[in-house]
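First comes the structure, then the notes that go with it.
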Amino acid sequence: MPGQVWRLAASDPAGPLFVTSYGADPLKIVLSAVDQRGQVQWRRDFPGTGRPWSRVSAQGTVWIARPEAAWHVLEEIDADGRTLNTVVPSCQPGEDIGTFVLLPDGFCIAWAASPPRIRGAAPLREPRVARYSSAGRQLWSTPIRLGDLSYPGVVELSEENGWTPQAKRPWTPRGVRSAYHEPLLVSGDRVAASFEDTSGLACTFLIDLETGHTVAVTAPAPGGHKAIAGDGAFLIGAQGYGAFETVLLTRDGTTTTRWPSHGTLTITADGTIRTAEMDNRQPSPTQFRRLAPDGELGEGPHLPGYYTAPPATDTHGTTVLWRGGSLTAIDADMAPHHLHTLPGKGITTRTLILENGLVALALDSDLHLLPTPLGPLAHGPWPCADHNLAGNPTHTS
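Each residue of the sequence shown is one higher than the last, beginning at 151 in my numbering.
Given below as structure tokens:
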């Protein structure tokens with residue numbers, strides 16, 4: 151691909167793949183359609199402002215967020231690369247689309263302040279979450295305020311305390327942005343919107359999809375991986391500053407289960423939760439695990455390394471993931487099977503299982519299409535939305 155790949159999605163297991171990447175200039179977005187032989191069918195360039203976002207619709211079109219003059223637009227492109235529709239959601243100067251998801255009747259957008267180099271003389275905007283009709287009319291807008299932040303593992307050193315590490319006093323965040331991992335999820339009638347400051351501490355705002363009312367806000371914690379658990383519920387992870395856990399957050403904002411584990415997740419239709427643990431304390435004895443309903447952890451194989459392509463699970467209960475230079479399948483009995491050697495590190499896309507067991511993922515700027523004996527993608531709330539081939543994190547049934 152022309153540059154770092156950020157998004158990988160498809161409308162159907164037979165393809166084509168829609169690959170969203172940087173161009174040679176990271177302020178350019180490149181959208182490529184690639185068939186399952188790895189041939190580029192078409193490619194289009196767009197202006198960009200940072201991390202590019204794209205989502206595939208139920209109609210097989212792809213929506214991409216991009217700037218246009220002083221505004222931000224959502225552009226719909228068909229499978230042949232033609233623009234079908236352009237929507238201009240109402241916004242204020244100095245706002246950027248942090249991320250968005252497609253709804254059956256419109257969009258949900260997480261807005262954040264534009265970077266200083268782009269904002270110019272516009273005021274520093276506070277983040278917000280807003281719902282829009284399919285024509286871009288705002289239905290509601292909910293302001294996001296993190297308040298003063300603190301966390302036991304965050305320390306500071308100063309001449310005043312003799313350069314001895316001490317717990318950092320609460321501070322007012324600056325530069326609040328959409329969270330790095332799974333920043334905007336929709337489960338039933340609930341939105342989980344996560345925002346973080348430059349320290350990496352994050353809060354998740356549980357919002358009513360119909361009204362925009364804030365139902366609950368999680369306490370500040372290090373950002374981590376999240377997932378849709380169905381029925382308005384979510385899994386919220388925390389990792390860093392000594393934190394290493396995942397909690398189940400119900401639709402009313404109650405935390406009902408807590409696991410001493412954190413990683414990328416899958417949830418199948420029978421409710422089985424699997425995770426490839428990720429811990430930035432290295433070396434770390436991370437494993438592939440099942441998260442039991444009572445908060446216990448099921449033992450699985452050790453996973454060397456850290457950087458992980460978020461996994462996918464097939465109908466036989468086998469999970470495929472890339473980690474530590476290896477594409478590995480872990481079967482329903484928790485036995486690992488090496489499939490391919492793939493050196494790489496850094497930014498990865500999600501792992502997709504396509505037709506006839508073909509696995510697709512991108513490492514840095516390279517797209518890999520790999521034959522495997524895997525079955526079709528499993529049903530379940532996460533990955534979701536037609537097995538999350540579409541890269542659109544919504545689950546409404």
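Where a beta carbon is used, it is the ideal one built from N, C-alpha and C, also for glycine.
Query	Result
contact_flag[the region 499-519, the region 359-371] where n(CB pairs < 8 angstroms) is 3 or more	no
For D536, three-class secondary structure by DSSP	Per-residue confidence for D536 stands at a pLDDT of 48, beneath the threshold of 50, marking its modelled position as unreliable; no derived number is given.
Separation of D246 from F168, as counted between CA atoms	23 angstroms
Inter-residue spacing [alpha-carbon to alpha-carbon] between L508 and L524	8 angstroms
P531 to G382 span [Cα, whole Å]	11 angstroms
Residue burial classification, K376 (beta-carbon count within 10 angstroms, cutoff 16)	buried
Euclidean distance between Cα positions of L471 and S308	43 angstroms
Buried or exposed (CB count within 10 angstroms, at least 16 for buried), V305	exposed
Which listed residue (P254, H488 and L477) has its alpha carbon closest to that of A510	L477
Coil, strand or helix - G530 by DSSP	coil
Those residues which DSSP pairs with L356 across a bridge	A342 and A366
Residue(s) in a DSSP beta bridge with T406	Its beta-bridge partners do not exist; DSSP assigns none.
Range of the contiguous beta strand (DSSP E) that encloses L513	V509 to L513
Beta-bridge pairing of S291 - partner residues as DSSP gives them	A280
Beta-carbon contacts of T422 that lie in its chain and below 7 angstroms, excluding the five residues immediately before and after	R440
Nearest to N542 (by Cα), restricted to the options Q209, W221 and N430	Q209
Cβ neighbour criterion (16 or more within 10 Å) applied to E225	buried
Status (buried if at least 16 other CB within 10 Å, exposed otherwise) for R319	exposed
C-alpha gap between D536 and R187, whole angstroms	Annotation note: pLDDT 48 at D536 (below 50); position unreliable, no value reported.
Whole-angstrom distance between R500 and I378, CA atom to CA atom	15 angstroms
Neighbourhood of P163 by C-beta distance below 6 angstroms, restricted to the same chain and skipping five residues each side	L504 and E505
Burial state of G165, where buried means 16 or more other Cβ atoms lie within 10 Å	buried
For E306, three-class secondary structure by DSSP	strand
Environment of L234 [buried if 16+ CB atoms lie within 10 Å]	exposed
Same chain, Cβ closer than 6 angstroms to L334, neighbours up to 5 away in sequence not counted	T249, V251, A260 and A343
Proximity winner among T211, F257 and L299, relative to S291 (alpha-carbon distances)	F257
Residue span of the beta strand (DSSP E) that contains A426, given as start and end	I423 to E427
Alpha-carbon to alpha-carbon, D483 and S204	35 angstroms
Same chain, Cβ closer than 7 angstroms to P460, five either side skipped, listed in chain order	T414, R500 and T501
For E505, the three-state DSSP class (helix, strand or coil)	helix
4-residue-minimum alpha helix (DSSP H) runs that sit fully inside the region 432-502, ordered along the chain	none
Neighbour-count burial assignment, V341, 16 or more Cβ in a 10 Å radius	buried
Under 9 angstroms between C-beta atoms of A262 and V223	no
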